[in-house]
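Colleague: Everything in the sequence shown is counted per the numbering used here, starting at 3 for the first residue and increasing by one. Just so it is clear, CB atoms sit at the ideal spot from N, CA and C, and this is done for glycine as well. Just so you know, these numbers come straight off a predicted model, no measurement behind them. I'd like to ask some things about the structure below.
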Amino acid sequence: HMVRNLLEVQAIETGTRAFRLDRVDLEVAWQESLATYEPPAQRKSIRCELTSAAPGLKVRADRAALRQITDNLLSNAVKYSPAGSTVRIALAPG
């Protein structure tokens, strides 16, 4: 996983990474990552909350890159949050 991320960063920095931009539902993207990180969060009694001030908010993004970002953020949040805490994700148009 770490090697893949390093190779991805290198491809972005060298300009060899091609992004495929689509309209992506941001809430759905976060829900997919939350489903992945729910088990490790539960093992630490960490609650994850997702709220959206703009249901159906779509962004133009590369799905794989966006997933990598949301996974990275959640992984760090679960890893570094103390047991029994709450991780909150709030979506709003900006």
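Based on DSSP bridge pairs, tell me the residues matched to D64.
Modeller: L23.
Colleague: Going by the beta-carbon positions, is the gap between E34 and R90 smaller than 9 Å?
Modeller: No, the pair does not count as a contact, with Cβ atoms beyond the cut-off.
Colleague: What number of angstroms, rounded off, separates the C-alpha of N74 from the C-alpha of L28?
Modeller: Each residue's alpha carbon lies about 15 Å from the other.
Colleague: DSSP state of I71, grouped into three classes?
Modeller: Correct three-state label for I71: helix.
Colleague: Going straight from the alpha carbon of T38 to that of W32, what length do you get?
Modeller: So the alpha carbons of these two residues sit roughly 10 Å apart.
Colleague: Using only CA atoms, which one of E15, V61 and Q12 lies nearest to A1?
Modeller: What is shown of the chain runs 3 to 96, which leaves residue 1 out entirely.
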